[in-house]
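Trainee:
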Amino acid sequence: MFTRSNVIGHATVISAEVMTVDREALLHRMKEMQEADARRLAELGFDWRDCPQCKQPPSAENPLAAQPGVLQLDDGRAARMSECHQYAVYGGALAGIPPAPSLFLTQAVQRAETLFSDIGKPKVLAPEIRQGTLVSGSREIHWALLPNVCTIALLVSNSPARQPVAHASMLIAVWFQDEFGALTDFRTRGQLTGLDWKQCAVDVER
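Residue numbers for the sequence shown follow the working numbering, so the first one is 1 and each next one is one higher.
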């Protein structure tokens with residue numbers, strides 16, 4: 001079990017130490033952070049205050065209550081997608097037949113371990129491998145390909161996997177799909193919802 005402060009991703013998070021100081025100092029620190037963020041964005045020619053504003057009606061519900069990317073697992077647990085990274089598996093292939101899928105599966109695991117170096121081992125969902133034969137003159141070249149897009153996702157549950165004292169649990173999932181964007185393949189989605197969370201996830205203390 002380990003501590004990960006930015007459970008919600010790479011957003012700016014005020015540490016517990018800051019929360020212990022008086023309110024005036026806290027507000028001053030928040031203002032400094034906002035000004036620093038504004039300067040970084042200004043370097044890119046961007047001011048978030050110029051973005052279109054959409055006013056919402058008053059409500060007693062926390063505006064963060066509806067989280068995107070929430071999965072309902074088969075065991076009844078809810079897990080939300082905190083981060084998602086996608087890339088083209090064969091993006092660098094210009095010609096010829098790519099090597100065996102094992103190379104690209106290994107590369108996907110390495111990317112996942114680099115992205116989330118502090119969160120256990122990634123869980124790779126078994127992809128559907130497409131096989132065929134390329135006929136070139138008198139030659140027949142057999143090929144095997146993965147789906148075109150690799151997705152690496154950080155899934156977070158607000159309940160522990162194994163340790164009752166933990167505040168949350170996390171799992172890195174790796175899967176392959178045909179297109180960029182949302183997962184629409186029912187087979188892979190079934191693998192996701194059927195994950196053995198207790199076995200694969202890592203407990204977290206925030």
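For each residue, glycine too, the CB sits at the ideal point set by N, CA and C.
Using alpha carbons as the reference points, say which of Asp203, Arg189, Leu105, Asp37 lies closest to Asp74.
Mentor: What you label residue 74 is simply residue 74 of the sequence shown in a count that begins at 1. Ranking the options by Cα distance to Asp74, first place goes to Arg189.
Trainee: Could you tell me how far apart the beta carbons of Gly127 and Trp175 are, in whole angstroms, since I believe they sit closer than 8 Å?
Mentor: If you number the sequence shown from 1, residue 127 lands on position 127. If you number the sequence shown from 1, residue 175 lands on position 175. In the sequence as presented, Gly is not what sits at residue 127; that position holds Pro. For Pro127 against Trp175, the beta-carbon gap comes to about 7 Å, under 8 Å, which counts as contact.
Trainee: Assuming Leu192 contacts Ala168 under a Cβ cut-off of 8 Å, what Cβ separation, rounded to an integer in Å, is found between them?
Mentor: What you label residue 192 is simply residue 192 of the sequence shown in a count that begins at 1. What you label residue 168 is simply residue 168 of the sequence shown in a count that begins at 1. Wrong, their Cβ atoms sit about 18 Å apart, outside the cutoff.
Trainee: With distances taken from CA atoms, which of Phe116, Gly76, Lys198, Val70 is nearest Arg162?
Mentor: In the sequence shown, counting from the first residue as 1, residue 162 sits at position 162. Taking only the C-alpha atoms, the option nearest Arg162 is Lys198.
Trainee: At 4 residues or longer, what runs of the alpha helix (DSSP H) sit wholly inside the region 80–167?
Mentor: 101–115
Trainee: Roughly how many angstroms separate the alpha carbons of Pro160 and Ala166, rounded to a whole number?
Mentor: On the sequence shown, residue 160 is found 160 positions in, with the first residue counted as 1. On the sequence shown, residue 166 is found 166 positions in, with the first residue counted as 1. Pro160 and Ala166: Cα-Cα distance of roughly 5 Å.
Trainee: Rounded to the nearest angstrom, what separates Glu83 and Asp118 at their Cα positions?
Mentor: Here the question's residue 83 lines up with position 83 in the sequence shown. Here the question's residue 118 lines up with position 118 in the sequence shown. Near 14 Å, if we compare the C-alpha coordinates of Asp118 and Glu83.
Trainee: What are the boundary residues of the beta strand (DSSP E) that Leu71 is part of?
Mentor: For this step, residue 71 is matched to residue 71 along the sequence shown. 70–72 is the extent of the beta strand (DSSP E) around Leu71.
Trainee: Give me the residue from Met170, Asp185, Phe116 with the minimum Cα distance to Glu205.
Mentor: Taking the sequence shown and counting its residues from 1, one reaches residue 205 at position 205. It is Met170 whose Cα lies nearest to the Cα of Glu205.
Trainee: Can you list, in chain order, the residues of its chain with a C-beta nearer than 6 Å to that of Ala16? Leave out the 5 residues immediately preceding and following it.
Mentor: Working through the sequence shown from its first residue, we reach residue 16 at position 16. Bear in mind that the predicted position of Ala16 carries a pLDDT of just 46, short of 50, making it unreliable; the figure below should be weighed with that in mind. Taken in chain order, the list of residues that qualify is empty.
Trainee: Go ahead and pull the three-state DSSP assignment for Leu171.
Mentor: As a working mapping, residue 171 is identified with position 171 in the sequence shown. In this structure, Leu171 counts as strand in the three-state DSSP scheme.
Trainee: Is the number of C-beta pairs between the region 144–156 and the region 91–105 that are closer than 8 Å three or more?
Mentor: yes
Trainee: Going by DSSP in three states, His10 sits in which element: helix, strand or coil?
Mentor: Along the sequence shown, one-based indexing puts residue 10 at 10. Since pLDDT at His10 reaches only 39, below the 50 mark, its modelled position is unreliable, and the value read off the structure follows with that caveat. Coil.
Trainee: Do you know whose CA, among Gln107, Gln56, Leu115, Ala38, lies nearest His85's CA?
Mentor: For the purposes of this step, residue 85 is taken as the residue at position 85 of the sequence shown. Of Gln107, Gln56, Leu115, Ala38, the residue nearest in Cα terms is Leu115.
Trainee: For Ile8, which residues of its own chain have a beta-carbon under 7 Å away from its beta-carbon, when the five flanking residues on both sides are left out?
Mentor: Within the sequence shown, the letter at position 8 stands for residue 8. Residue placement at Ile8 is flagged as unreliable, the pLDDT there being 41, under the threshold of 50; a coordinate-derived value is accordingly withheld.
Trainee: Consult DSSP for Met19 and reduce its assignment to one of helix, strand or coil.
Mentor: Along the sequence shown, one-based indexing puts residue 19 at 19. Interpretation of Met19 is limited by its pLDDT of 48, a score under 50 that renders its predicted location unreliable; the figure taken from the coordinates is listed afterwards. Helix, per DSSP.
Trainee: Since Ser157 and Ala78 should fall inside the 8 Å C-beta cutoff, what is the C-beta to C-beta distance between them, to a whole number of angstroms?
Mentor: In the sequence shown, residue 157 corresponds to position 157, counting from 1. In the sequence shown, residue 78 corresponds to position 78, counting from 1. Right, the Cβ-Cβ distance comes to about 7 Å (below 8 Å), so this counts as a contact.
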